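Going down the list, the sequences are from chains E and R.
If you number the first sequence the way my numbering does, the last residue is 310 and the count never jumps.
If you number the second sequence the way my numbering does, the last residue is 612 and the count never jumps.
Inspection log for the structure reproduced underneath, given as structure tokens.
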Amino acid sequence: MTWEPHIFKELHQIPREEHVFPGTPLCAGCGGLESLRLASKVLGSRVVYINAAGCFTNLASFPFTPLDASWLYTTMGSAPAGAQGVRDALDVLIAKGRLPKDEDVKVVVLAGDGSTYDMALSSTSGAITRKLDFYYFCYDNEAYGNTGVQLSPSTPYGARTTTSPCSVQHPAGSTQEKKDIFEIWRAHRPPYMATVSPRFPLDLEEKFARAADYPGPKLFLAFAACPTGWLFDPAYTPDVARLAVECGIWPLKEAINGEVTHTYVPKRRPVEEYLKLQGRFRHLFEPARQEEAIKHIQDRVDSYWEKVKA
Amino acid sequence: MVSIRFHGRGGQGAKTASRIAGTAAFLEGFTAQDSPLYGAERRGAPVSASTRIDRKPIRERGVIARPDLVMIADASLIPDPSARVLEGVDERTVVFVNSPLAADQARAQFSIPGRVTTLDLTGIALEHFGKRGAISALLGAVAGRLAGLRQGSIREAIARELTDLGLAPPVIERNQTVAARCFEAVQPVELDVGARQAMAVAQLRAPTYEPPTKGTAGITAGPNSAIRSMSGWRTFRPVLNPELCNGCWLCFANCPEGAITIKPDGKPAIYYPHCKGCLDCVEVCPTDAMTVERETEAANNT
């Protein structure tokens with residue numbers, strides 16, 4: 001069964017109205033900001049963003065904000081708890097008649113992978129279990145980016161970060177596998193989850209539009225190609241984001257009540273094309289080619305898609 | 311003691327340049343200290359680093375308040391008050407500016423009180439590497455020359471620092487060659503490292519507190535970040551040729567900043583004060599309607 005978009009079928013349907021404005025001090029070519037900008041076009045302005053510490057800390061650096069919505073800042077580990085507080089307060093106001101029901105606002109957590117995969121995991125698990133009605137937007141750049149690119153549980157095998165350098169003992173750089181946060185979330189059976197990529201804007205817009213029909217916890221894992229941390233020229237952000245999907249490394253999928261559908265099945269080009277674009281994988285090709293490490297990455301991708309087909 | 315302060319934008323290589331200068335001095339038997347100013351290491355954001363070189367042990371720590379030499383990797387930082395590029399610069403300070411302008415012109419245009427020398431490092435890098443990238447080796451070599459270090463030690467320092475960053479030997483070699491050219495090309499100005507008049511740089515100002523009803527009005531205002539200009543971040547600017555544009559909106563959908571808007575006729579338009587120059591729009595354009603132009607200093611204000 002192939003997945004069909006119901007609402008967003010062509011680029012000209014992307015709303016022209018902006019809800020994340022220019023002028024943030026985030027890096028040029030930030031894939032996370034691009035995903036958020038597209039997402040906000042569907043979410044609108046009646047939103048409270050609960051921002052965990054991370055790169056997006058820089059979104060609203062006083063006295064400037066790029067958002068035409070509200071913004072609450074929390075520690076890395078407590079954004080879902082913050083979201084619970086805001087949601088409860090809104091519910092109380094509605095119950096008391098002080099806020100008309102049709103003027104309700106959405107509660108959206110903004111968190112990086114360090115927060116999502118690591119520090120806020122218990123807080124998130126609690127919020128999903130309590131069926132908190134919120135969106136969880138994770139901009140995943142596979143490292144602790146804002147502090148200078150350190151290893152996070154999202155860093156994939158073979159990537160070089162400042163705390164996983166390529167060394168004599170570990171010539172491939174990071175030896176860990178990327179934590180599968182999608183499956184950790186899915187084990188909680190939330191009503192809606194999806195992975196998105198900024199280079200697939202219609203897929204992204206469609207998923208945010210669909211999610212509105214599902215009250216409860218909603219996860220969005222956004223591929224945040226990171227020129228600063230992954231060491232590529234910012235002009236290649238769209239290429240890196242596209243190749244991640246085309247090589248099968250970043251599967252575009254959604255899960256409704258735990259039922260997974262792949263929204264785009266790529267022909268799967270060799271992962272090398274994706275790796276070669278980025279400085280964080282350069283040591284796999286120079287000065288000597290690390291055949292084993294490249295094969296390892298390819299094998300992981302192949303076995304993922306074999307399971308999908310089965 | 312020679313105190314060198316480096317200023318650049320994240321990604322340009324100011325931090326590595328300060329390390330190259332420090333390592334080169336160390337290799338020549340000096341005591342050396344190099345450290346970047348801690349901050350969010352974001353591409354395009356103002357970055358600063360300090361290098362101290364002396365025969366004696368160096369007791370001073372922290373950011374250099376009264377530099378003997380200031381290395382400016384990006385001239386568009388000079389008017390930015392948050393970058394504090396000219397802080398502590400007096401008529402005795404030597405100021406290097408990465409700019410195609412002649413020294414006198416740069417001195418007048420940016421109102422630099424110190425003695426100025428210039429070299430177009432970005433131009434040289436583009437000519438030799440063919441693409442934008444870090445100019446750390448070039449900047450480090452120029453700093454070394456101005457500080458009186460030898461070319462051989464700078465060459466070795468570049469190898470050490472760039473190897474640390476994981477660069478491949480051929481890339482390092484190319485950097486060394488181009489850096490050597492910059493070392494030769496820069497017009498040296500003798501440093502004046504005599505004792506500096508003590509100057510009160512740190513002032514403690516007691517903040518005045520407003521009642522919350524008065525003081526927080528600005529926080530609840532709408533999206534006000536759009537009033538800031540991002541033009542200084544660009545090395546290149548995308549230029550749209552409307553005749554080649556097929557109105558597909560890919561550039562509009564892929565601009566991380568939202569600097570591209572759609573006009574009533576359905577065609578895109580770039581608003582330059584909001585453009586950081588990432589060039590994602592150029593990369594996604596299917597009809598090559600977007601081209602790239604090198605940013606000149608005069609154009610930086612728009």
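The beta carbon of each residue, even a glycine, is placed where N, CA and C say it ideally should be.
If you're wondering where the values come from, they're calculated on a predicted model, not measured in any experiment.
Cβ-Cβ distance between residue i and residue j below 7 Å
i	j	result
V373/R	G318/R	no
P190/E	P217/E	yes
S45/E	A60/E	no
F223/E	W250/E	yes
G112/E	L284/E	no
S345/R	G542/R	no
R76/E	A95/E	According to the sequence displayed, residue 76/E carries Met and not Arg. Result no, Cβ atoms of M76/E and A95/E do not sit closer than 7 Å.
Q461/R	F493/R	yes
A225/E	G31/E	yes
K41/E	Y117/E	no
I14/E	A563/R	yes
G454/R	A331/R	yes
W3/E	T261/E	yes
C558/R	C591/R	no
Q278/E	W230/E	yes
P198/E	E17/E	no
Distance, residue j Cα to residue i Cα
i	j	result
K309/E	T263/E	13 Å
H170/E	P377/R	41 Å
G504/R	A375/R	15 Å
L26/E	G568/R	13 Å
D430/R	E103/E	57 Å
C561/R	C595/R	6 Å
A187/E	A444/R	45 Å
Y582/R	M540/R	8 Å
S392/R	T403/R	20 Å
V496/R	V407/R	11 Å
S303/E	E142/E	21 Å
V265/E	L252/E	8 Å
A435/R	T487/R	11 Å
A81/E	V92/E	17 Å
G587/R	G148/E	22 Å
A209/E	L43/E	8 Å
T606/R	R544/R	10 Å
E259/E	P156/E	25 Å
G320/R	D213/E	42 Å
E401/R	G354/R	29 Å
R87/E	R369/R	54 Å
L275/E	F281/E	6 Å
Buried or exposed by the 16-neighbour rule on C-beta atoms within 10 Å, applied to residue i
i	result
I537/R	exposed
K207/E	buried
P498/R	exposed
K573/R	exposed
V48/E	buried
V271/E	buried
G532/R	exposed
E471/R	buried
F62/E	exposed
V168/E	exposed
H12/E	exposed
Beta-carbon contacts of residue i that lie in its chain and below 6 Å, excluding the five residues immediately before and after
i	result
L36/E	V20
F316/R	A324, A327, S328, A359 and M381
V405/R	V380, I422, G424 and V426
G29/E	P227, P234 and T237
S313/R	R362, I374, P377 and D378
D364/R	M311 and T341
S164/E	L151, G173 and S174
Residues near residue i in its chain [Cβ-Cβ closer than 7 Å; skip 5 each side]
i	result
E603/R	F546, R547 and V549
S463/R	A334, L337 and E338
A311/E	Residue 311/E lies beyond the range of chain E shown here (1 to 310); nothing can be said about it.
F64/E	G23
A255/E	R186 and M193
Proximal residues to residue i (C-beta, below 8 Å), its chain only, five neighbours per side dropped
i	result
C166/E	R160, A172, G173 and H283
D598/R	L554
P215/E	D133 and P191
Heavy atom of the ligand NAP within 6 Å of residue i beta-carbon
i	result
V499/R	In terms of ligand content, the structure shown is empty, and the ligand NAP therefore cannot be addressed.
Inset, instruction - Enumerate, from N- to C-terminal direction, the unbroken beta strand (DSSP E) stretches of 3 or more residues contained entirely within the segment 407-440 of chain R. - result: List check, beta strand (DSSP E) in window: 425-429.
Legend entry - Unbroken stretches of the alpha helix (DSSP H), 4 residues or longer, contained in the segment 331-359 of chain R: Segments of the alpha helix (DSSP H) lying fully in the segment 331-359 of chain R: there are none.
Inset, instruction - Note down, one range per segment and in chain order, each alpha helix (DSSP H) of at least 4 residues found wholly within the segment 188-263 of chain E. - result: Fully enclosed alpha helix (DSSP H) runs of 4 or longer: 201-211, 227-230 and 237-246.
Inset, instruction - Taking only runs that begin and end inside the segment 3-53 of chain E, name each unbroken beta strand (DSSP E) of 3 or more residues, in chain order. - result: Entirely contained in the segment 3-53 of chain E, the beta strand (DSSP E) runs reaching 3 residues are, in chain order, 47-52.
Inset, instruction - Tell me the start and end of each unbroken beta strand (DSSP E) in the segment 362-397 of chain R that is at least 3 residues and wholly inside, in chain order. - result: DSSP runs (the beta strand (DSSP E)) wholly in the segment 362-397 of chain R: 379-382.
Inset, instruction - Could you tell me which uninterrupted alpha helix (DSSP H) segments, each at least 4 residues in length, are contained entirely in the segment 136-197 of chain E, listed from first to last along the chain? - result: Within the segment 136-197 of chain E, the complete alpha helix (DSSP H) runs of at least 4 residues fall at 181-186.
Inset, instruction - Run through the segment 542-568 of chain R for me and flag every whole alpha helix (DSSP H) of 4 or more residues, listed as ranges in chain order. - result: The segment 542-568 of chain R contains these whole alpha helix (DSSP H) runs: 560-564.
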